[in-house]
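Here the structure comes first, spelled out in structure tokens, and everything after it is commentary.
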Amino acid sequence: MMELASPTSCLVVALSERDAYTQAHCGRVETLCLQLGQKCCLSERELDLLQIAAKLHDIGKIGIPDSILLKPERLSAAEMTIMKTHAELGQNICNKIFHEEAESIGVIVLHHHEAFDGSGYPHGLAGDNIPICSRIISIVDCYDAMLTTRPYHSSRSHEEVMIMMRSECGRKTDPLLFGYFEKIITDYRTNLASDNGAHR
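Here's what the structure looks like:
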């Protein structure tokens with residue numbers, strides 16, 4: 191009998207075909223989220239949910255029109271409103287694809303753009319009302335996005351990104367989780383540099 195690919199793998203392939211940048215970004219976010227989740231002492235179940243949700247946190251962008259998703263310049267306010275719907279679209283996709291854990295994964299994806307002070311979207315949740323896995327994804331998502339060149343900003347160095355994120359800690363991100371992130375990102379970059387040096 192033919193072995194079918196997992197739902198997660200199928201969604202990753204679909205996202206890659208739709209927007210290769212977004213799929214690569216999700217892969218990097220997944221890697222760092224797992225490390226941060228382990229640092230936060232999440233349970234095995236929570237880590238499993240975090241891994242899937244991080245890998246698919248932007249899956250809702252499949253439903254965003256090309257004219258907005260691939261626009262080579264800054265989005266207008268109206269276009270940004272449409273772009274923000276990717277969080278809810280992502281939840282809907284996850285709820286339809288996954289079964290036993292559909293609700294948990296979908297909720298994490300839905301809230302990955304919430305801000306610690308309640309200024310995020312889509313529901314303006316604040317503090318511990320934001321699922322911890324969503325708070326973790328929010329930190330790593332922001333970090334990776336600011337390292338890369340996008341239509342609305344040039345790429346920044348690691349040092350520049352960390353300065354900007356520290357200034358928003360407690361507003362955009364959970365200060366406790368960000369403290370853990372600072373520790374794991376230092377180790378991650380050190381190990382990455384060591385690996386690169388070993389392969390020269």
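According to our numbering, the sequence shown holds residues 191 to 390 in order. For glycine and all other residues, C-beta sits at the position ideal for the given N, C-alpha and C. Remember, predicted model here, so these are calculated numbers, not experimental data.
{"query": "Where Arg340 sits in the DSSP three-state scheme", "result": "strand"}
{"query": "Thr376 at chain C interface by Cβ criterion, 7 Å", "result": "Absent from the structure is chain C; it holds one protein chain and no more."}
{"query": "Between the CA atoms of Leu201 and Arg356 - distance to the nearest angstrom", "result": "33 Å"}
{"query": "Cys284 vs Ile272 beta-carbon contact at 7 Å", "result": "no"}
{"query": "Identity of the residue in Thr275, Thr380, Gly360, Ser324 nearest His348 by Cα", "result": "Thr380"}
{"query": "Segments assigned alpha helix (DSSP H), at least 4 residues, entirely inside the stretch 251-302", "result": "256-259, 267-273, 276-287, 292-300"}
{"query": "C-alpha gap between Ala305 and Ala316, whole angstroms", "result": "6 Å"}
{"query": "Residue span of the alpha helix (DSSP H) that contains Thr221, given as start and end", "result": "210-229"}
{"query": "Beta-carbon proximity check, Cys359 vs Leu240, cutoff 7 Å", "result": "no"}
{"query": "Distance, Leu366 Cα to Thr275 Cα", "result": "28 Å"}
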